[in-house]
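Notes follow the structure.
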Amino acid sequence: MITPADFNFMATAIGLARRGLYSSRPNPRVGCVLVRDGRVIGEGWHVRAGEGHAEVNALADARTRGEDVAGATAYVSLEPCCFTGKTGPCSEALIAARIARLVYAMEDPNPRVAGQGLQQLQAAGITVDGPLLEDEARALNPGFIQRMERKRPWLRLKMAMSLDGRTAMASGESKWITGPAARRDVQRLRARSDAVISGIETVLRDDPSLNLRAAELDLPEAEDIARRQPLRVIVDSAGRLPARAQTLQVAGKVLLVNARPCNPPKASVASVEQVILPGAAERVDLAALLGLLAERQCNEVLVEAGATLAGEFLQRGLVDELIIYMAPKLLGSSARPLFQIPLDTMAAQLGLKIDEIRPVGQDWRITARIDPEA
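Numbering (this note's numbering), first residue to last: 2 to 375.
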């Protein structure tokens, strides 16, 4: 039976899981709280892949505190795993610790778990209650959940625009529409992403590095976070990426995606891999690209591209979340639009559901999703 106190302890577990926001990938963000007689005796979260899971870390924390875990209740934001990967099964660790009860926020969508961890605990005589605060738990791991359920990552499309909906001047000049706070916020989006996708037109026009920079994160452990660079993905149908491109001059891995065979440029610093994904009209097959990234355990993918590639992702129904930074500027009617989407009638419009609007420095950040009912 779920009690009011259970909500508070589960909220604590979910808060702990958020501490792995930038470090746990490609594993899910998970938190665990151990409670006995209404008192927290151990806490843990999954820090990074290959290291202890949240439950194991919470048990270790309880031992460090000199607490006896036998008879305790474990609150976990995700069902305990029940198979051996880089670490042992958390279900067995909890059984060995002789906890009396487990409260979970959501089942693990991984087919290797999918309720089996809960069944193991119940078979060992442990009371299992849940789900509890499931929506909050799912919001922690949209990419992991989607990769397990739909075999594709969660795709965020980030754009910056003026107040009149423009992204660049007619000449293509587009740098620094938004201010430093918004650019810092984008760095944090990169930090939680497994891959960052951009298009060749953006690379040729703006020459971005597309990397994660510790100095701009303004986060604790920024240096450690920046050591794990997201995969940089360049969509370059015809093989126009120049060897001098800035994204090839900084450390990290680059995936060059072409629509036809061509010679990849020689990078001086980055490690470059080339794949050929032919699609219609001699363009890269974007759906196949996302499938490939899912196979490579990418949970969350950030698209930072111009109006053409952004419009293609939208038209193909591949965008899960839109993040638009709106600057208090006017670029005028000759400037370039936010998206290249050839819509001719009102009936063809794409409706959005706005989840959040908040200030970021002098700019505004709009978070939205495509709403088929709008």
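Just so you know, even glycine gets a beta-carbon here, dropped at the ideal spot from N, CA and C.
For residue i, count neighbouring C-beta atoms within 10 Å of its own C-beta (all shown protein chains included) and say buried if the count is 16 or more, exposed if not.
| i | result |
| --- | --- |
| residue 276 | exposed |
| residue 334 | exposed |
| residue 278 | buried |
| residue 264 | exposed |
| residue 28 | buried |
| residue 113 | exposed |
| residue 331 | exposed |
| residue 225 | exposed |
| residue 5 | exposed |
| residue 168 | buried |
| residue 313 | buried |
| residue 155 | buried |
| residue 9 | exposed |
| residue 51 | exposed |
| residue 85 | exposed |
| residue 188 | buried |
| residue 216 | exposed |
| residue 128 | exposed |
Report the CB separation of residue i from residue j in whole angstroms; it is logged as a contact under 8 Å.
| i | j | result |
| --- | --- | --- |
| residue 76 | residue 2 | The pair is not a contact, with the Cβ atoms about 15 Å apart (cut-off 8 Å). |
| residue 13 | residue 31 | Contact doesn't hold; Cβ gap of about 13 Å is too wide. |
| residue 192 | residue 218 | 6 Å |
| residue 56 | residue 91 | 4 Å |
| residue 339 | residue 180 | Not really, about 18 Å apart at Cβ, beyond 8 Å. |
| residue 306 | residue 200 | 4 Å |
| residue 237 | residue 259 | 6 Å |
| residue 266 | residue 249 | 7 Å |
| residue 254 | residue 271 | 7 Å |
| residue 43 | residue 66 | 7 Å |
| residue 107 | residue 151 | That pair is no contact at about 16 Å. |
| residue 319 | residue 291 | 6 Å |
Mind checking whether residue i and residue j have CB atoms under 7 Å apart?
| i | j | result |
| --- | --- | --- |
| residue 190 | residue 323 | no |
| residue 197 | residue 310 | no |
| residue 301 | residue 144 | yes |
| residue 336 | residue 355 | no |
| residue 18 | residue 141 | yes |
| residue 38 | residue 80 | no |
| residue 96 | residue 125 | yes |
| residue 117 | residue 83 | yes |
| residue 72 | residue 105 | no |
| residue 54 | residue 25 | no |
| residue 78 | residue 15 | yes |
| residue 208 | residue 247 | yes |
| residue 149 | residue 325 | no |
| residue 367 | residue 358 | yes |
| residue 361 | residue 182 | yes |
| residue 328 | residue 100 | no |
| residue 103 | residue 122 | yes |
| residue 227 | residue 211 | no |
| residue 308 | residue 341 | yes |
| residue 136 | residue 299 | no |
| residue 88 | residue 36 | no |
Which residues bound the alpha helix (DSSP H) around residue i?
| i | result |
| --- | --- |
| residue 187 | 181 to 192 |
| residue 9 | 5 to 18 |
| residue 1 | Residue 1 lies beyond the stretch modelled for the chain, which goes from 2 to 375, so this question has no answer here. |
| residue 199 | Note, residue 199: premise wrong, no alpha helix (DSSP H); beta strand (DSSP E) at 196 to 200. |
| residue 315 | 308 to 316 |
| residue 57 | 55 to 65 |
| residue 130 | Per DSSP, residue 130 belongs to no alpha helix (DSSP H); it is in the beta strand (DSSP E), 128 to 130. |
| residue 1 | Because the chain here runs from 2 to 375, residue 1 falls outside it and cannot be looked at. |
| residue 210 | Counting along the chain, residue 210 falls outside any alpha helix (DSSP H), and DSSP gives it neither H nor E. |
| residue 143 | 143 to 151 |
| residue 93 | 91 to 97 |
| residue 123 | 117 to 124 |
Using DSSP's beta-bridge definition, name the partner residues of residue i.
| i | result |
| --- | --- |
| residue 160 | 325 |
| residue 268 | Answer is none; residue 268 lacks a bridge partner. |
| residue 254 | 272 |
| residue 277 | 259 |
| residue 365 | 327 and 360 |
| residue 226 | Answer is none; residue 226 lacks a bridge partner. |
| residue 303 | 157 and 197 |
| residue 105 | 77 |
| residue 353 | 371 |
| residue 337 | 169 |
| residue 285 | 279 |
Taking the beta strand (DSSP E) that residue i belongs to, which residues open and close that run?
| i | result |
| --- | --- |
| residue 168 | 167 to 169 |
| residue 42 | 40 to 46 |
For residue i, is the beta carbon positioned less than 6 Å from some heavy atom of the ligand SAH?
| i | result |
| --- | --- |
| residue 102 | No copy of the ligand SAH appears in this structure; indeed no ligand is present at all. |
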